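S.K.: Pasting a structure below so you can have a look.
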Amino acid sequence: MRKIIWLCVIVILSGCVAQKPLEELGLITAMGYDNEDDMVKGTIIYYEFDPLHPNNTKMVTTLAHTSKGIRQKENLASSRRLVSGQLRVAIYGEELAKGGIISIIDTLSRDAEIGTMSFLAVSKPQAHDLLQMSQDSEDVTNAGTFLYDLITQNVNGDTLLSPTLHEFMQCYYSEGRDPVLPLLNFKDNTIIIEGLSLFQDDKVVGELDSNDSFYIKLLLDPFEAGNTEITIPKEQLKEFILTSNNKQEDSVFVSLDHLRSDTAIKLKDKQVPSYSIEINVKTRMQEISENYDLGNPEAIKKLEEAIGKDMEGKLMQVLEKSREMGADPVGFGNYYRAKVGYDSFSKEEWRERYQNAKYTIRINVEILRTGVMD
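Count the sequence shown with the numbering used here and you get residues 1091 to 1464, in order.
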């Protein structure tokens, strides 16, 4: 009897749930935010379900002082009720992001309709312009889906750190690490991922290009199938270069793919602070720009050492560049915090100590297979 009563209650309550016919909704797939006249300019791309027009997307731009105010004005400009349950990506103009964006992102994180796996990114031009260009492209039917796919395939391709809403909030509230987000830009009328935007707390303080971004991922997220190009002074390898190819370059270029890595970071001295970083890399050499003696084990060993040395130098440059910007994208502060104790950790004190941080880097490279010579 009790089961029957409960079944009746469930049926009655389910009938009370507000229904939202798809034909009456505007499904937001992308949001963009910019500064304009001391206000926030909000831009959305939304999809209208229409069997007669399957790719029916629209763009609305409004001004307000808060993100909630923007949403209210956007609804006033739409014939459909706008809902955010299908949000794929939120874009923040770089100028806005330099002033801090946590108030806007926090609103997203508290919206029950928005999943925490939505992507976030920073736009070099205004976010509005980036969305407008994507929307106007003949090859793009939905700007939100296009930008989501652009980021997804680079995350899945092992070239980009995952920039979800959840991961940004996790880094922001972690006192020992700063967030990073992909930096989007135009190039030859195409939207590209140009690199990474570095944050101090919720403010953009600088950027790294795509080559430098490789080394941040190397420290944070083990590669499973990464790829990169290494530049080695020809002088270091000349004894194993078989014949000259009549090129005038003073460098040898080596393309690596199927790169796998594991990283160990240890705090050696909390007073400095001083860190040791050891990285093991196993990779395939896809291409080398010189006629190199690949059949000689000594030549391969020399090449591995040269690659490791080049990577060590570039990683050191990236760490020093990030430190000078005041950003800690790797989370060295978390290692420091674990050593001194959570109760003794002060974020302000850490920021000061971080400016004097020292690093000892060792990268061990093993070439598993060699590929093509150019």
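Yeah, the Cβ is synthetic: ideal placement off N, Cα and C, and Gly gets one too. Because the structure is a prediction, the values reported are computed rather than measured.
I'd like the ranges of any alpha helix (DSSP H) spanning at least 4 consecutive residues and lying wholly in the segment 1170-1199.
M.R.: Listed in chain order, the complete alpha helix (DSSP H) runs (minimum 4 residues) inside the segment 1170-1199 are 1184-1188 and 1192-1199.
S.K.: Would you tell me roughly how many angstroms separate the C-alpha atoms of D1359 and A1202, rounded to the nearest one?
M.R.: 44 Å
S.K.: Please name the residue, chosen from K1411, L1308, I1118 and D1248, that lies closest to Y1136 on a Cα-to-Cα basis.
M.R.: The option with the nearest alpha carbon to Y1136 is I1118.
S.K.: Could you check if V1462 is buried or exposed, using at least 16 other CB atoms within 10 Å of its CB as the buried criterion?
M.R.: Low per-residue confidence applies at V1462: pLDDT is 49, beneath 50, and the placement is therefore not dependable enough to give any value.
S.K.: Suppose you measure from the CA of T1460 to the CA of V1371; what does that come to, to the nearest Å?
M.R.: In a straight line, the C-alpha of T1460 is about 15 Å away from that of V1371.
S.K.: Going by DSSP, which residues form a beta bridge with D1347?
M.R.: R1374
S.K.: CB of N1381 to nearest heavy atom of the ligand HEM: below 6 Å?
M.R.: As for the ligand HEM, it is missing from this structure, which has no ligand bound.
S.K.: Kindly list the residues whose CB is nearer than 6 Å to the CB of N1146, restricted to its own chain and excluding five residues on each side of it in sequence; keep chain order.
M.R.: Around N1146: E1138 and D1140.
S.K.: Report the rounded CA-to-CA distance for I1453 versus Y1425, giving the unit in angstroms.
M.R.: 20 Å
S.K.: Return the residue from the list M1121, E1325 and I1181 that minimises the CA-CA distance to Q1338.
M.R.: Residue nearest to Q1338 within the set M1121, E1325 and I1181 is E1325 (criterion: CA-CA distance).
S.K.: If we call anything under 7 Å between Cβ atoms a contact, is T1321 one with L1346?
M.R.: no
S.K.: Which complete beta strand (DSSP E) runs does the segment 1267-1313 hold, if anything under 3 residues is left out?
M.R.: Qualifying beta strand (DSSP E) stretches, in chain order: 1270-1277, 1280-1290 and 1293-1299.
S.K.: Tell me S1366's beta-bridge partners as DSSP assigns them.
M.R.: K1356 and T1450
S.K.: Whose C-beta lies closer than 6 Å to the C-beta of I1191 among residues of the same chain, with five residues either side of it excluded?
M.R.: Excluding sequence neighbours, I1191 sits near Y1182 and D1292.
S.K.: From the DSSP secondary-structure annotation, give me the bridge partner or partners of L1209.
M.R.: Before going on, a small fix: residue 1209 reads as Phe here, not Leu. For F1209, which the question treats as bridged, DSSP gives the partners V1179 and T1254.
S.K.: Determine, using beta carbons only, whether L1409 and Y1449 come nearer to each other than 7 Å.
M.R.: yes
S.K.: Could you have a look at V1430 and say whether DSSP puts it in helix, strand or coil?
M.R.: helix
S.K.: Out of curiosity, what's the CA-to-CA distance linking R1171 and G1122?
M.R.: 19 Å
S.K.: Which of the three DSSP states is assigned to T1235 in this structure?
M.R.: helix
S.K.: Relative to the C-alpha of F1304, which residue among N1275, V1342 and V1245 is closest?
M.R.: V1245
S.K.: With 16 other CB atoms within 10 Å as the buried threshold, where does R1200 fall?
M.R.: exposed
S.K.: Can you find the residues in the same chain that come closer than 8 Å, C-beta to C-beta, to T1254, ignoring five residues on each side of it along the sequence?
M.R.: Residues T1206, M1207, S1208, F1209 and L1210 of the same chain have their beta carbon placed closer than 8 Å to that of T1254, with the five preceding and five following residues left out of the count.
S.K.: Report back the beta-carbon spacing between G1266 and A1120 to the nearest angstrom; my notes put them in contact at under 8 Å.
M.R.: Actually they do not touch by this definition, with Cβ atoms about 32 Å apart.
S.K.: Can you tell me whether V1362 is buried or exposed? The criterion is at least 16 other CB atoms within 10 Å of its CB, across all chains shown.
M.R.: exposed
S.K.: Quick one: grab the DSSP three-state call for D1124.
M.R.: D1124: strand per DSSP, three-state reduction.
S.K.: Expressed to the nearest angstrom, what Euclidean distance is found between the alpha-carbon atoms of G1116 and T1197?
M.R.: 20 Å
S.K.: If you reduce the DSSP assignment to three classes, tell me which class G1385 lands in.
M.R.: Three-state result, G1385: coil.
S.K.: State the start and end residues of the unbroken beta strand (DSSP E) segment that holds E1479.
M.R.: The shown model of the chain, from 1091 to 1464, leaves out residue 1479, and the question about it has no answer.
S.K.: So is K1437 in contact with chain B if we call contact Cβ pairs under 7 Å?
M.R.: Reference to chain B is not applicable here, since this structure consists of a single protein chain.
S.K.: By the 10 Å Cβ neighbour count, where 16 or more other Cβ atoms means buried, how is H1218 classified, buried or exposed?
M.R.: buried
S.K.: Under a three-way DSSP split, which group does V1408 fall into?
M.R.: helix
S.K.: Is the CB-CB distance between E1114 and I1134 below 7 Å?
M.R.: no
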